[in-house]
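Visitor: Be aware that the sequence shown starts at 10, since it is given in this note's numbering, and climbs by one per residue.
Cβ coordinates follow ideal geometry from the N, Cα and C atoms, glycine included.
Every value quoted in this text rests on a predicted model; they were computed, and no experiment measured them.
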Amino acid sequence: MRFKYSIFIASILIHGSAYAKNDQVQRGAEPDWVVPSELMAVPADVSGLVFVRRSDFLVHLDEQGQQYYSGYRMKITHPNALQIGNLSISWNPASGAPTVHAIKVHRDGEVIDIFPSASFEILRQEGQLEAAILDGTLTAVSRVPDLRVGDELEFAYTIRVNDPTLGNTDAGVLLLEPNVPQGRFRLGLNWIEGQKPIIKMTDDMAAVAIKGERTIEFHLDNPSHLIPPKDAPPRYNWQRIVEYSDFSDWTTISRKFAELYSNAASISDTSSLKQEVKRIAATHDNEFDRASAALKLVQQDVRYIYIGLDGGNLTPATSEETWQRRYGDCKGKTVLLLGLLAELGIEAEAVMANNSGGDDGLDQRLPSPEMFDHVLVRARIGGKLYYLDGTLPPVAPPVSEPVLPYRWILPLRAEGSSIERLEWHPAKQPDITTLFEIDARAGFNQPARKTRTVITRGIDGLAQQAQFSAVAPAQLLSAFRQQSIGDTWQTIDDVQWRYDQKAQASVLMVSGTGMVDWDDDGNGARSFALPGGGVSSPPKRIRAAQQDQYLPYYNEPEFSCYVTTVRLPTETRPSQWSFKPGYNTRIFGRTYYRAFDLRDGSIRMIRGSRTEQREIDALLAKRDNDRISSFDNSMAWIFYDPSDGSNTTGSGKKVPATYEMDWARNSDACLSRPDAAAGS
């Protein structure tokens, strides 16, 4: 295993932008607001990769913004830790150049000062261009020579951090990672007169807080490894964290950014965008179609590139800039779309959101723009609210619910707005529907015609659209033949893909031939486990004794549906066939449903699984733990018995076959139904 310990034991959420004058590492003494910690003695029985004799991470707030200091001294106790001698500092030059204070190696009482001769190679980190990210970040790297096991490496530097959009209005998060080596750690926040922020900390940090007149520090010797409460909602993972912010409420942030977006969205009378507005208005006669056309223009004709240069982290480019250069990030695309909608007379606003899923518990956080990583448009069209995201592929229309399941958003309004909760409800359509058709009419011993169709919705479906729309059909067929022919497929004759824009679904169909893996049950009897018909029993919801037993349990929102149809060998009779029973049960806030049907020469099976509750309380979890033993986790077996003419010919439940309907546009059959074999 490679050694992956980061020198950034303590970290802060920061952003910045690039200025060429600050693209070199400076050298200098430690700031006067820094007093390094006392060294911790190395224990005789030290173990692990390193022992941290001290690690200081301090943040200083002044009238120019923030500075942060990182200084440490670590004893190397294992060969795999020698790579910590590869020093690196990353920064955005818009805030200033980093200043290195010390690079030393302590060996057997001798101090080897690397600092005077150390050289830093400056890397311009545009290595994420393949992900359309241009952020201007610089990285300085230096390598400590002749580092050995038993050495103690000392390294210290300071970086100034401020976002041009916020100026000296500060916000950030200090944290200590859950799993750190043995040793001494200190986090600190200090400020000059008049710059004291609002501070909020988790209980574990409040217990060790040391407050001064203009400081607050946290000293932790050999901090324990943190294990988040098992299966708890994400907000309970918020541990060993200190927030600070100059924003007293979300409304202040909303007003500040609303002004930025309003000014940037304005379209001048001489702009060529005016012609685009006229074209859209002339070719579409209602608000929804006009908004859709404006959205498609932004999605299709302006490519996505994240821009974090010259204050671009939080400040949007103007609509004219984005249109002229034909690329932009979420801010630029949102501004452009706001400008077009305004010209079309459609009421719209920008809303900030969190694409990473880190917004659970946002109402418990201090107000900070850093809590969001995305912005999109919300418009009122025909009296209804719709979300329009210019960063999605051009097949994504205005939708009544965002594609990603945001918990909280911040509308940007001139009068200000607080954060707004978006209510969650179970999905109405499956995220993934898998159809498997097996045409075994030719007989038990003959290859069957097989068709497998996967219907994918939501963000994954849009990702497939972006991927497959650029691939020629012949390439797709060739790729599937190379990767998929094996146990299931003997031949692949056709691969078809389409994106059904009305259904908002990616539809991938593979067809070919393959043998059916019939089990020989003796005396001519056969059995077969239908693909997609089985499901594992859910795991128990239980936590270690030292964890809070009363916290809720979290269910990842998910809705899957499997539909399998077997066209039976023509030499058999319906009365010779039977199948496992169906079920319909809810356990741990999730519904599990399976039903069979036998008619028209085919056995049809449908199995669904849907999250009904995103969170369940501990009492329900305890009750359902006792129900796991009765959960039907059997595979979806079908049985043929040539000697028995009394087998079931159907269960009275109508299950549609894979070929009887357009499953992309009608997935109602995937929902749990009260007429299925029930259980609760």
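#1: Since Glu352 is in the alpha helix (DSSP H), which residue starts that stretch and which ends it?
#2: Suppose only complete runs of 4+ residues qualify. What are the alpha helix (DSSP H) ranges in the stretch 163 to 233, listed by chain order?
#3: With the cut-off set at 8 angstroms, would you say Lys342 and Thr292 are in Cβ contact?
#4: Can you tell me whether Ala538 is helix, strand or coil according to DSSP?
#5: Count Cβ pairs between the stretch 150 to 165 and the stretch 180 to 188 that sit closer than 8 angstroms; are there 3 or more?
#6: Quick check on DSSP: helix, strand or coil for Met614?
#7: Given Arg312, which residues of its chain have a CB within under 6 angstroms of its CB, disregarding the five upstream and five downstream residues?
#8: The beta strand (DSSP E) with Thr261 in it runs from where to where?
#9: With H, G and I counted as helix, E and B as strand and the rest as coil, what does DSSP make of Ile121?
#10: Report yes if the C-beta distance between Val384 and Leu345 is below 8 angstroms; otherwise report no.
#11: On the DSSP letters alone, give me the boundaries of the beta strand (DSSP E) that Trp586 sits inside.
#12: If you drop the 5 nearest sequence neighbours on each side, which residues of the same chain put their C-beta closer than 6 angstroms to that of Cys679?
#13: Of all the options Glu624, Pro482, Asp278, which has the alpha carbon lying nearest to the alpha carbon of His690?
#14: Quick one: is Asp230 buried, meaning 16 or more other Cβ sit within 10 Å of its Cβ, or exposed?
#15: Once you ignore the five residues that flank Arg157 on each side, which residues in its own chain have a CB closer than 8 angstroms to its CB?
#16: Taking the beta carbon of Arg195 as the centre, do at least 16 other beta carbons fall within 10 Å, making it buried, or is it exposed?
#17: Looking only at C-alpha atoms, which of Gln309, Ala303, Thr331 sits nearest to Tyr315?
#18: Give the list of continuous beta strand (DSSP E) stretches no shorter than 3 residues that lie fully inside the stretch 548 to 583.
#19: Output the distance between the C-alpha atoms of Ser104 and Asn177, rounded to the nearest integer angstrom.
#20: Compute the beta-carbon to beta-carbon distance between Ser427 and Trp259, rounded to the nearest angstrom, for a pair I have assumed lies under 8 angstroms.
#21: Go ahead and pull the three-state DSSP assignment for Trp332.
#22: What is the rounded straight-line gap between the Cα of Asp448 and the Cα of Lys459?
#23: For the structure I just gave you, are there three or more beta carbon pairs, one from the stretch 225 to 244 and one from the stretch 554 to 563, closer than 8 angstroms?
#24: Can you tell me which residues form a DSSP beta bridge with Ser79?
#25: Closest to Ser153 by CA distance: which of Ile647, Gly74, Ile121 is it?
#26: If you reduce the DSSP assignment to three classes, tell me which class Lys283 lands in.
#27: Which of helix, strand or coil does DSSP assign to Arg389?
#28: Provide the residue span of the alpha helix (DSSP H) that contains Lys662, from first to last.
#29: I need the straight-line Cα distance from Gly598 to Asp633, nearest angstrom please.
#30: Assuming Trp420 is part of the beta strand (DSSP E), what are its boundary residues?
#31: Would you check if the distance between the CB atom of Glu358 and the CB atom of Arg387 is smaller than 8 angstroms?
#32: As a quick exercise: from Ile168, Ala630, Ile637, pick the residue whose alpha carbon is nearest that of Tyr562.
#33: Kindly list the residues whose CB is nearer than 6 angstroms to the CB of Asp398, restricted to its own chain and excluding five residues on each side of it in sequence; keep chain order.
#34: Quick one: using the 10 Å Cβ neighbour count with 16 as the cut-off for buried, is Ile131 buried or exposed?
#35: In the DSSP assignment, what are the bridge partners of Glu252?
#36: Just verifying my parser: in three-state terms, what is the DSSP assignment at Thr292?
Guide: Reading from the atomic positions:
#1: 339 to 352
#2: 212 to 215
#3: no
#4: strand
#5: no
#6: strand
#7: Tyr336
#8: Run containing Thr261: none in the beta strand (DSSP E); it sits in the alpha helix (DSSP H), 259 to 274.
#9: strand
#10: no
#11: 586 to 588
#12: Pro439, Cys570, Gly617
#13: The question about residue 690 has no answer, for the chain in this structure spans 10 to 689.
#14: exposed
#15: Ile85, Leu91, Arg116
#16: buried
#17: Thr331
#18: 568 to 576
#19: 11 angstroms
#20: 5 angstroms
#21: helix
#22: 6 angstroms
#23: yes
#24: Phe66, Tyr166
#25: Correcting the residue identity first, residue 153 is Val in this sequence and not Ser. Cα-wise, what sits closest to Val153 is Ile121.
#26: helix
#27: strand
#28: Note, Lys662: premise wrong, no alpha helix (DSSP H); not H, not E.
#29: 9 angstroms
#30: A small correction: the amino acid at residue 420 is Pro; Trp does not occupy that position in the sequence shown. Element bounds for Pro420: 417 to 420.
#31: yes
#32: Ala630
#33: Leu385
#34: exposed
#35: Val182, Lys209
#36: helix
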